[in-house]
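Data block below; observations after.
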Amino acid sequence: VAPGNNFASHLYRVKVHYIDKNFEKHLSLIVKVPSTKGFLGEFLEVMDLFGKERKMYDTILPNFKENLRKELGPKSLYCPLRKGLVLQDLTEEGYKMCNKWTRLDFHHCEFVVKTIAKYHAASVLCFNNDTKLVESVCDEVVYPDGGPYEKELKVWVESALDNIAKKLNIINDCKLYADFISGKIDQMWDSAKSMCKRKLTGLNVLNHGDLWANNVLFKYNSFNEVEDVKFIDFPIARFTSPVLDLMYFLWMSASERVLRDRHEELYNIYLLNLNYNLQRLGCVERMSRGELLQDLCSLSDWALLSICLFIPKVMSEPEDYNMDVEVGKTKECFQKLLNGKSFTELLPVLVKLFVDWTQRLKEIV
Numbered sequence: 012v013a014p015g016n017n018f019a020s021h022l023y024r025v026k027v028h029y030i031d032k033n034f035e036k037h038l039s040l041i042v043k044v045p046s047t048k049g050f051l052g053e054f055l056e057v058m059d060l061f062g063k064e065r066k067m068y069d070t071i072l073p074n075f076k077e078n079l080r081k082e083l084g085p086k087s088l089y090c091p092l093r094k095g096l097v098l099q100d101l102t103e104e105g106y107k108m109c110n111k112w113t114r115l116d117f118h119h120c121e122f123v124v125k126t127i128a129k130y131h132a133a134s135v136l137c138f139n140n141d142t143k144l145v146e147s148v149c150d151e152v153v154y155p156d157g158g159p160y161e162k163e164l165k166v167w168v169e170s171a172l173d174n175i176a177k178k179l180n181i182i183n184d185c186k187l188y189a190d191f192i193s194g195k196i197d198q199m200w201d202s203a204k205s206m207c208k209r210k211l212t213g214l215n216v217l218n219h220g221d222l223w224a225n226n227v228l229f230k231y232n233s234f235n236e237v238e239d240v241k242f243i244d245f246p247i248a249r250f251t252s253p254v255l256d257l258m259y260f261l262w263m264s265a266s267e268r269v270l271r272d273r274h275e276e277l278y279n280i281y282l283l284n285l286n287y288n289l290q291r292l293g294c295v296e297r298m299s300r301g302e303l304l305q306d307l308c309s310l311s312d313w314a315l316l317s318i319c320l321f322i323p324k325v326m327s328e329p330e331d332y333n334m335d336v337e338v339g340k341t342k343e344c345f346q347k348l349l350n351g352k353s354f355t356e357l358l359p360v361l362v363k364l365f366v367d368w369t370q371r372l373k374e375i376v
């Protein structure tokens, strides 16, 4: 996988040829191993992201499949490496990744939203039946409250917002947005930590944690219409409000037209499907429209974090991406990514859409 399309790990497609009962057979597998270089490699090792992801594939997803009667991700196979995964190659079944630069239209987004609603509902049932299992994969790794890397991660967040504000300040008609983001810098780390924590009241679900276009594989029918989706990459799952997955996915992946004209429609589709699947699985929990809107309003900083911290990476060109800056220690580490052509064009569009969206939310709530 080219740089800029995959982060924090190396992926290899392995073709296996073997003989079973005198019949020659072929199998395609995906082998995933972590990056071991620099600060990123140290971070992945200490925080045990691969151990967490292995448990997601080996225990959580099979639990969801049993209850939903549907697979939401690739099968996991035995891997002799402590820090490694061997996964089913979904391309063999016709699944493929979309082009991250074109971003997703409404119908692709709708399919993802409906599927993540099933995933979230299954996580509620799993939590009710085996709380310790779900809690074993929920430790926060990106915005930890304490821990060995809180200082470095806090600098990463604050420097990213500062660099985004400076970039907006020199773009025509964006000074207002630059000032808006500058005003968020001092409180954003505490806000991020708070948003990741379990809500004291209302619905909590196991979030995918990194739900964006490259972590969703689509399957199409003969008319080139989406007929199924599956998710990959689960190392940063967290148990909190479902709107974190929704906001992250839409702001990271949805087209400008979707964000401008059909944003709220997708939230309503999600809510309908979430409550339907909760009922189908026999769960008593439900999410009201009022709770959804309140969470969107109170947790809207999550969308801004997505734009400022992760869009520069996911919109990077292969030649712009350097694995050593995945979790940077310096304020300059993202400068090359921030100056990427695709991100420079997208940034003012997304920030304006975000500000307009938050204003509409406040009027509704």
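In case it helps, our numbering puts the sequence shown at residues 12 to 376.
Ideal placement from N, C-alpha and C gives every residue a C-beta, glycine not left out.
Ordered along the chain, which non-local residues of its own chain (more than five positions away) have a Cβ less than 7 Å from that of residue i?
{"i": "residue 213", "result": "302"}
{"i": "residue 300", "result": "282"}
{"i": "residue 296", "result": "135, 214, 289"}
{"i": "residue 265", "result": "114, 115, 120"}
{"i": "residue 19", "result": "45, 46, 51, 55, 337"}
{"i": "residue 277", "result": "120, 121, 124, 261"}
{"i": "residue 176", "result": "189, 192, 193"}
Helix, strand or coil: how does DSSP classify residue i here?
{"i": "residue 339", "result": "Note that residue 339 has pLDDT 47, beneath the 50 cutoff, so the model's placement of it is unreliable and the number below is only indicative. DSSP places residue 339 in coil when its eight states are reduced to three."}
{"i": "residue 269", "result": "helix"}
{"i": "residue 247", "result": "coil"}
{"i": "residue 238", "result": "strand"}
{"i": "residue 96", "result": "strand"}
{"i": "residue 252", "result": "coil"}
{"i": "residue 71", "result": "helix"}
{"i": "residue 86", "result": "coil"}
{"i": "residue 76", "result": "helix"}
{"i": "residue 210", "result": "coil"}
{"i": "residue 107", "result": "strand"}
{"i": "residue 115", "result": "strand"}
Considering just the uninterrupted stretch of the alpha helix (DSSP H) at residue i, what are its terminal residues?
{"i": "residue 371", "result": "352 to 375"}
{"i": "residue 50", "result": "49 to 58"}
{"i": "residue 218", "result": "Here residue 218 belongs to no alpha helix (DSSP H); instead the beta strand (DSSP E) covers 216 to 218."}
{"i": "residue 291", "result": "274 to 291"}
{"i": "residue 146", "result": "142 to 146"}
{"i": "residue 325", "result": "322 to 325"}
{"i": "residue 347", "result": "346 to 349"}
{"i": "residue 199", "result": "196 to 207"}
{"i": "residue 313", "result": "312 to 316"}
{"i": "residue 186", "result": "186 to 193"}
Check the C-beta distance from residue i over to residue j and give it rounded, since I have them as a contact under 8 Å.
{"i": "residue 3", "j": "residue 227", "result": "With the chain covering 12 to 376 only, the question about residue 3 has no answer from this structure."}
{"i": "residue 308", "j": "residue 372", "result": "5 Å"}
{"i": "residue 142", "j": "residue 208", "result": "The Cβ separation is near 16 Å, so there is no contact."}
{"i": "residue 255", "j": "residue 279", "result": "Their Cβ separation, rounded to whole angstroms, is 18 Å, which puts residue 255 and residue 279 out of contact at 8 Å."}
{"i": "residue 63", "j": "residue 253", "result": "Not confirmed; about 20 Å, so no contact."}
{"i": "residue 66", "j": "residue 148", "result": "5 Å"}
{"i": "residue 220", "j": "residue 248", "result": "5 Å"}
{"i": "residue 101", "j": "residue 40", "result": "11 Å between Cβ atoms; not a contact."}
Going by DSSP, what residue range makes up the beta strand (DSSP E) through residue i?
{"i": "residue 228", "result": "227 to 231"}
{"i": "residue 181", "result": "First-last for residue 181: undefined, no H or E at that position."}
{"i": "residue 44", "result": "34 to 45"}
{"i": "residue 22", "result": "20 to 31"}
{"i": "residue 304", "result": "Taken as a continuous stretch (DSSP letters only), residue 304 belongs to no beta strand (DSSP E), being part of the alpha helix (DSSP H) at 300 to 309."}
Whose C-alpha, out of the options, is nearest the C-alpha of residue i?
{"i": "residue 76", "options": "198, 132, 285, 149", "result": "132"}
{"i": "residue 316", "options": "198, 371, 86", "result": "198"}
{"i": "residue 139", "options": "78, 221, 61, 308", "result": "78"}
{"i": "residue 69", "options": "50, 97, 376, 109", "result": "97"}
{"i": "residue 46", "options": "215, 65, 347, 22", "result": "22"}
{"i": "residue 326", "options": "113, 147, 53", "result": "113"}
{"i": "residue 275", "options": "221, 104, 375, 218", "result": "375"}
{"i": "residue 124", "options": "350, 88, 358, 258", "result": "258"}
{"i": "residue 118", "options": "278, 236, 284, 323", "result": "236"}
{"i": "residue 35", "options": "312, 27, 357", "result": "27"}
{"i": "residue 364", "options": "210, 185, 202", "result": "185"}
{"i": "residue 174", "options": "352, 353, 347", "result": "347"}
{"i": "residue 86", "options": "92, 71, 93", "result": "71"}
{"i": "residue 298", "options": "65, 222, 285, 94", "result": "285"}
{"i": "residue 109", "options": "321, 224, 245, 322", "result": "224"}
{"i": "residue 99", "options": "107, 93, 84", "result": "84"}
{"i": "residue 312", "options": "243, 94, 242, 200", "result": "200"}
{"i": "residue 263", "options": "287, 370, 243, 111", "result": "111"}
{"i": "residue 318", "options": "292, 272, 366", "result": "366"}
{"i": "residue 240", "options": "183, 107, 80", "result": "107"}
Cutting at 6 Å between CB atoms, please list the residues of its own chain near residue i, excluding the five before and the five after it.
{"i": "residue 188", "result": "179, 362"}
{"i": "residue 238", "result": "230, 232"}
{"i": "residue 358", "result": "none"}
{"i": "residue 368", "result": "none"}
{"i": "residue 335", "result": "Bear in mind that a pLDDT of 48 at residue 335, under 50, signals an unreliable position, so the number given afterwards is only what the model happens to contain. If we look at residue 335 and ignore the five residues flanking it on each side, its Cβ neighbours are 49."}
{"i": "residue 164", "result": "none"}
With 7 Å as the threshold, decide whether the Cβ of residue i is near any Cβ in chain B.
{"i": "residue 25", "result": "Among the chains in the structure shown there is no chain B, since it carries only a single protein chain."}
Short of 8 Å in beta carbon distance, which residues of its chain neighbour residue i, apart from the five on each side in sequence? Order them along the chain.
{"i": "residue 305", "result": "376"}
{"i": "residue 160", "result": "54, 57, 58, 338"}
{"i": "residue 351", "result": "323, 326, 327, 328, 331"}
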